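For the protein sequence lines, the chains are A and B, in the order given.
Using the numbering used here, count along the first sequence one by one with no gaps and you end on 329.
Using the numbering used here, count along the second sequence one by one with no gaps and you end on 495.
Even for Gly, the Cβ is constructed at its ideal location relative to N, Cα and C.
Please read all numbers here as calculations on a predicted model, not as lab measurements.
Shown next, in structure tokens, is the structure this report addresses.
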Amino acid sequence: MSATQRTGAATRRTGPPFWMAVPALAFFGLFALVPLIGVVVLSFMSWDGLGTPAWAGLDSWRATLADPVTRQAMWLTAVFVVGSFLIQAPVSLLLGVFMAGRHRYRALLSVLYFLPLLFSSAAIGITFKALLDPNFGLSRAFGTQLLARNWLGSPDLALYTVMFVVGWAFIPFHSLLYQAGVRQIPAALYEAATLDGAGRVKQFFYVTLPQLRYTIVTSSTLMLVGSLTYFDLVFVLTAGGPGNATRILPLDMYLRGFRSYEMGQASAIAVILVAVGLTLSLVLNRVSGAGRMESQQAGL
Amino acid sequence: MRQTRRRAAGATAIAMAMTVALAGCGGGTQPGESPATGGGSGAGGGAASAWILTGGGWPVTAESFARWNKENPDQQISVEEFENDAYKEKIRTSVGSGQAPTLIMNWTGGTLASYVKNDQVVDITDQTKDLVDRVMPSVAQNGQIDGATYAVPMNDVQPVILFYNKELFDQADIEVPTTWDETLKAVDAFKAEGIIPFSLAGASVWPELMWIQYLTDRIGGPEVFQAVLDGEPDAWSDPAVTEALTKIQELVDAGAFGDAYGSVDAGASADAALVHTGRAAMLLQGSWLYATFHNDAPEFAQSSLGFTTFPEIEGGAGDPANIVGNPANFWSISSAADESAQKTALAYVNEYVYDDTQIKAMLDAGSVPPVAGLEDQIGQSEDAEYLSFAYGMVNDAPHFQLSWDQALPADQAQELLTNLSQIFLGQIEPQEFVDNMNATL
Numbered sequence: 030m031s032a033t034q035r036t037g038a039a040t041r042r043t044g045p046p047f048w049m050a051v052p053a054l055a056f057f058g059l060f061a062l063v064p065l066i067g068v069v070v071l072s073f074m075s076w077d078g079l080g081t082p083a084w085a086g087l088d089s090w091r092a093t094l095a096d097p098v099t100r101q102a103m104w105l106t107a108v109f110v111v112g113s114f115l116i117q118a119p120v121s122l123l124l125g126v127f128m129a130g131r132h133r134y135r136a137l138l139s140v141l142y143f144l145p146l147l148f149s150s151a152a153i154g155i156t157f158k159a160l161l162d163p164n165f166g167l168s169r170a171f172g173t174q175l176l177a178r179n180w181l182g183s184p185d186l187a188l189y190t191v192m193f194v195v196g197w198a199f200i201p202f203h204s205l206l207y208q209a210g211v212r213q214i215p216a217a218l219y220e221a222a223t224l225d226g227a228g229r230v231k232q233f234f235y236v237t238l239p240q241l242r243y244t245i246v247t248s249s250t251l252m253l254v255g256s257l258t259y260f261d262l263v264f265v266l267t268a269g270g271p272g273n274a275t276r277i278l279p280l281d282m283y284l285r286g287f288r289s290y291e292m293g294q295a296s297a298i299a300v301i302l303v304a305v306g307l308t309l310s311l312v313l314n315r316v317s318g319a320g321r322m323e324s325q326q327a328g329l
Numbered sequence: 055m056r057q058t059r060r061r062a063a064g065a066t067a068i069a070m071a072m073t074v075a076l077a078g079c080g081g082g083t084q085p086g087e088s089p090a091t092g093g094g095s096g097a098g099g100g101a102a103s104a105w106i107l108t109g110g111g112w113p114v115t116a117e118s119f120a121r122w123n124k125e126n127p128d129q130q131i132s133v134e135e136f137e138n139d140a141y142k143e144k145i146r147t148s149v150g151s152g153q154a155p156t157l158i159m160n161w162t163g164g165t166l167a168s169y170v171k172n173d174q175v176v177d178i179t180d181q182t183k184d185l186v187d188r189v190m191p192s193v194a195q196n197g198q199i200d201g202a203t204y205a206v207p208m209n210d211v212q213p214v215i216l217f218y219n220k221e222l223f224d225q226a227d228i229e230v231p232t233t234w235d236e237t238l239k240a241v242d243a244f245k246a247e248g249i250i251p252f253s254l255a256g257a258s259v260w261p262e263l264m265w266i267q268y269l270t271d272r273i274g275g276p277e278v279f280q281a282v283l284d285g286e287p288d289a290w291s292d293p294a295v296t297e298a299l300t301k302i303q304e305l306v307d308a309g310a311f312g313d314a315y316g317s318v319d320a321g322a323s324a325d326a327a328l329v330h331t332g333r334a335a336m337l338l339q340g341s342w343l344y345a346t347f348h349n350d351a352p353e354f355a356q357s358s359l360g361f362t363t364f365p366e367i368e369g370g371a372g373d374p375a376n377i378v379g380n381p382a383n384f385w386s387i388s389s390a391a392d393e394s395a396q397k398t399a400l401a402y403v404n405e406y407v408y409d410d411t412q413i414k415a416m417l418d419a420g421s422v423p424p425v426a427g428l429e430d431q432i433g434q435s436e437d438a439e440y441l442s443f444a445y446g447m448v449n450d451a452p453h454f455q456l457s458w459d460q461a462l463p464a465d466q467a468q469e470l471l472t473n474l475s476q477i478f479l480g481q482i483e484p485q486e487f488v489d490n491m492n493a494t495l
């Protein structure tokens with residue numbers, strides 16, 4: 030903390046001075062850290078939203094962790110996160126690579142593919158709910174028995190239907206990331222590969238994929254952490270039902286907090302979600318080595 | 055008093071922290087903030103606020119506020135409308151944080167009891183005596199706790215009614231069921247015709263409550279659920295509950311609700327649509343659906359819409375004239391509002407709730423005011439047949455059971471909805487339901 034040290038550091042640093050970060054840090058503290066601490070404190074209290082919060086020690090934690098509903102919610106969340114990733118990642122990657130090409134018809138297709146990005150979750154939810162309705166939806170419009178399934182009303186189908194709709198809503202965003210990533214790859218690499226006799230498939234596996242490494246990390250982090258905390262579309266589509274078939278952790282937190290008014294238990298789940306989300310993104314960063322963030326550009 | 059306020063402030067801080075934290079996960083829409091809550095507007099002294107719901111008979115209430123505001127320019131009441139579910143979530147946080155509107159609409163039951171316990175609503179026994187005296191006692195008593203009035207009814211009685219499609223009964227050539235045996239026969243007859251016997255909005259879950267409420271009452275009488283409300287240990291173990299649950303699962307297995315009721319959403323009135331499009335024969339739903347039928351399918355409502363009471367259960371201990379549903383919605387007055395706002399709100403309640411204009415407007419809209427002695431006026435109204443039926447049903451009922459999810463405290467109500475939906479889905483047996491629910495007592 031001595032003055033010499035500080036000047037020494039300042040001469041080496043090239044970025045803007047520290048005080049410029051103060052507003053951002055203040056907002057982060059006020060809107061992220063303070064509520065986070067509030068939630069942690071609340072998870073050790075018992076509060077129904079109306080009276081005075083009372084100290085409850087580990088009761089909320091014990092009640093939450095012992096509840097079979099929460100355990101099932103954890104399992105469903107795991108299925109939902111992994112399932113969403115398996116649906117979204119390959120499709121977005123392939124779509125992104127395809128759309129990175131520069132032909133007019135691709136531009137037109139891209140516009141179509143990106144349309145879901147423009148709709149709000151609530152609109153997507155309500156629309157799909159109507160389309161998938163076995164009594165009045167698509168099946169009625171086209172008179173096909175194939176579509177007349179109890180998509181959102183059957184405990185066996187609901188979670189997969191929700192994963193499909195969430196995928197439909199988010200694949201465009203990730204394709205956009207991949208498209209940008211692919212367009213960053215220097216053309217020289219492909220020219221060299223062509224000279225070496227690599228075909229399209231080989232170019233994809235030996236040039237495109239390795240070059241997209243950081244895009245894949247970014248996109249996967251967003252996908253995994255995103256579906257871990259994903260709430261709105263699931264809420265509109267099923268509200269956790271039928272029964273508890275789509276009650277993933279964020280919904281469980283919401284239902285406990287704002288339906289059962291057990292704020293302590295809801296906060297405990299919120300803390301779990303924060304912890305798992307942070308761990309997940311840190312691990313992803315570490316494993317992929319993205320922390321080093323070395324340049325992938327040729328010649329730089 | 056000071057202590058209460060400090061407590062409220064602490065709760066506000068935590069509630070805000072919670073809201074920010076939870077909203078951060080991309081939670082749904084946030085309804086707009088009320089401009090004049092808690093006496094924030096200051097000027098004039100007398101401004102009050104009220105939140106009401108959308109749809110159903112609520113336009114009539116909105117109208118009455120418009121009338122009040124026109125005639126009382128110095129005591130304006132600002133009104134905001136919310137969708138049912140959004141309202142339920144917002145009002146509780148607002149009350150808990152001392153930010154409630156002056157007039158707090160509620161369904162009485164467990165929520166009102168919590169408000170009273172935390173001194174969040176005002177005792178209005180003396181100020182509303184005249185109004186309460188005019189209302190049917192079975193309805194008015196819901197707003198009273200330990201002999202004091204904390205809430206007064208403000209709109210129509212909402213008994214649960216068995217609606218049916220007359221044409222489909224003609225087509226299947228059977229009578230409307232009045233007993234359980236006839237109900238089961240009707241189920242078979244409609245299934246044979248390829249018609250869903252009972253439309254059920256399983257995606258919304260709460261319409262499933264109507265089934266267990268009526269069945270439990272018919273089989274065991276109102277005492278069974280009263281024991282639950284009183285928190286008696288193992289109150290859910292009453293054989294009437296198990297029998298009701300068994301009957302529900304028998305109905306489901308017999309295909310009484312079709313095979314896709316889990317996708318039917320009451321919020322979009324899809325359950326009513328199944329009936330008026332001729333795909334389902336009967337529908338057990340609240341009386342507010344009469345207005346929905348009239349709006350969505352006026353021709354059907356004119357010619358083919360039938361309505362009756364829930365069937366009798368042979369050998370059951372409950373009076374077949376008992377009804378379940380919502381006695382009405384109620385106004386309470388927020389203790390967080392300043393005195394002038396409370397005064398305005400009380401004046402509105404006493405002068406405008408169930409005055410002549412309001413009663414006429416309600417009858418015109420096809421809803422029944424819980425006011426005694428309206429037989430003649432109802433007889434002359436446009437929907438005389440239906441209104442007389444509903445009015446008589448409520449007037450003659452020995453017992454009017456408030457919907458269980460409203461009567462119970464919130465945490466028990468949520469547990470009940472979850473377990474009940476699993477009973478309908480066949481995921482749990484009646485015994486598991488009983489055990490799970492006993493654990494909440």
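Count the other CB atoms within 10 Å of the CB of residue i; is the residue buried (16 or more) or exposed (fewer)?
{"i": "histidine 132 of chain A", "result": "exposed"}
{"i": "proline 127 of chain B", "result": "exposed"}
{"i": "threonine 108 of chain B", "result": "exposed"}
{"i": "leucine 280 of chain A", "result": "buried"}
{"i": "glutamine 174 of chain A", "result": "exposed"}
{"i": "phenylalanine 287 of chain A", "result": "buried"}
{"i": "tyrosine 440 of chain B", "result": "buried"}
{"i": "tryptophan 84 of chain A", "result": "exposed"}
{"i": "glutamine 356 of chain B", "result": "exposed"}
{"i": "lysine 231 of chain A", "result": "exposed"}
{"i": "asparagine 380 of chain B", "result": "buried"}
{"i": "tryptophan 48 of chain A", "result": "exposed"}
Could you work out which residue in the options is closest to residue i when comparing CA atoms only?
{"i": "proline 218 of chain A", "options": "A:Thr173, A:Leu241, A:Ala198", "result": "A small fix is needed here, since residue 218 of chain A is leucine in this sequence, not proline. Among A:Thr173, A:Leu241, A:Ala198, the Cα nearest to that of leucine 218 of chain A is on A:Leu241."}
{"i": "leucine 206 of chain A", "options": "A:Ala50, A:Leu94, A:Leu71, A:Leu123", "result": "A:Leu123"}
{"i": "alanine 129 of chain A", "options": "A:Phe233, A:Pro184, A:Ala297, A:Thr250", "result": "A:Phe233"}
{"i": "valine 120 of chain A", "options": "A:Leu302, A:Gln294, A:Ile200", "result": "A:Ile200"}
{"i": "aspartate 307 of chain B", "options": "B:Ala226, B:Gln455, B:Val241", "result": "B:Val241"}
{"i": "serine 421 of chain B", "options": "B:Ala298, B:Asp210, B:Asp489", "result": "B:Asp210"}
{"i": "serine 289 of chain A", "options": "B:Ala102, B:Gln460, B:Pro113, B:Gln476", "result": "B:Gln460"}
{"i": "phenylalanine 264 of chain A", "options": "A:Leu138, A:Ala95, A:Leu181, A:Val126", "result": "A:Leu181"}
{"i": "alanine 246 of chain B", "options": "B:Arg146, B:Glu236, B:Ala226", "result": "B:Ala226"}
{"i": "aspartate 184 of chain B", "options": "B:Asp489, B:Val407, B:Leu456, B:Ala438", "result": "B:Val407"}
{"i": "threonine 331 of chain B", "options": "A:Arg169, A:Ile116, A:Val111, A:Phe109", "result": "A:Arg169"}
Just the chain C side, please: which residues come within less than 7 Å of residue i by C-beta, in chain order?
{"i": "glycine 316 of chain B", "result": "The question asks about chain C, but that chain is absent: this structure's protein chains are A and B."}
Please confirm whether residue i has its beta-carbon closer than 8 Å to some beta-carbon of chain A.
{"i": "serine 475 of chain B", "result": "yes"}
{"i": "glycine 39 of chain B", "result": "No statement about residue 39 of chain B is possible, as the shown extent of chain B runs from 55 to 495 and does not include it."}
{"i": "threonine 300 of chain B", "result": "no"}
{"i": "alanine 104 of chain B", "result": "no"}
{"i": "glutamate 486 of chain B", "result": "no"}
Using a Cβ-Cβ cut-off of 8 Å, state whether residue i counts as contacting chain B.
{"i": "glycine 86 of chain A", "result": "no"}
{"i": "proline 163 of chain A", "result": "yes"}
{"i": "aspartate 77 of chain A", "result": "yes"}
{"i": "leucine 309 of chain A", "result": "no"}
{"i": "tyrosine 189 of chain A", "result": "no"}
Self-check item: Stretch-stretch touch, CB-based, cutoff 8 Å, three pairs: the segment 251-264 of chain B with the segment 305-324 of chain B
Solution: Segments in contact, yes.
Quiz item: For the segment 368-388 of chain B against the segment 175-194 of chain B, are there 3 or more C-beta pairs whose distance is under 8 Å?
Solution: Yes: at least three Cβ pairs fall under 8 Å.
Quiz item: Going along the segment 123-149 of chain B in order, which residues come within less than 8 Å of chain A, judged by CB to CB distance?
Solution: Here the close residues are Glu143, Arg146, Thr147, Val149.
Practice problem: With 9 Å as the C-beta to C-beta threshold (strictly closer), list the residues of the segment 202-226 of chain B near chain A in chain order. | Solution: Listed by position along the chain: nothing, the set is empty.
Self-check item: Contact between the segment 77-93 of chain A and the segment 139-150 of chain B (3+ Cβ pairs under 8 Å)
Solution: Yes, the segment 77-93 of chain A touches the segment 139-150 of chain B.
Exercise. Tell me, please, whether the segment 259-279 of chain A touches the segment 41-52 of chain A by the rule of three or more beta-carbon pairs shorter than 8 Å.
Key: Touching, no, given that fewer than three Cβ pairs across the two stretches are closer than 8 Å.
Quiz item: Does the segment 113-132 of chain B come close enough to the segment 345-364 of chain B that 3 or more CB-CB pairs lie under 8 Å?
Solution: Flag = no, the segment 345-364 of chain B and the segment 113-132 of chain B do not touch.
Quiz prompt | Validate contact between the segment 215-229 of chain B and the segment 297-305 of chain B using beta carbons, cut 8 Å, 3 pairs | solution = No: the two stretches stay apart, fewer than three of their Cβ pairs being nearer than 8 Å.
Self-check item: At least three beta-carbon pairs within less than 8 Å, the segment 183-195 of chain B to the segment 445-458 of chain B
Solution: Between the segment 183-195 of chain B and the segment 445-458 of chain B there are three or more inter-stretch CB-CB distances shorter than 8 Å, so the stretches are counted as touching.
Quiz item: Are there three or more Cβ pairs, one per stretch, closer than 8 Å when the segment 151-168 of chain A is compared with the segment 254-263 of chain A?
Solution: Proximity of the segment 151-168 of chain A to the segment 254-263 of chain A meets the contact definition, three or more beta-carbon pairs being nearer than 8 Å.
Quiz item: When the Cβ atoms of the segment 214-221 of chain B are set against those of the segment 275-282 of chain B, are three or more pairs found closer than 8 Å?
Solution: Segment contact: the segment 214-221 of chain B against the segment 275-282 of chain B, fewer than three CB-CB distances shorter than 8 Å; contact not assigned.
Exercise. May I ask you to list, following chain order, the residues of the segment 158-178 of chain B that have a beta carbon less than 8 Å from some beta carbon of chain A?
Key: Under the 8 Å Cβ criterion, the segment 158-178 of chain B contributes Ser168, Tyr169, Lys171, Asn172, Gln174.
Quiz prompt | the segment 288-307 of chain A touching the segment 55-73 of chain A, judged by at least three CB pairs closer than 8 Å | solution = Three or more beta-carbon pairs drawn from the segment 288-307 of chain A and the segment 55-73 of chain A are found closer than 8 Å, and the two stretches are therefore classed as touching.
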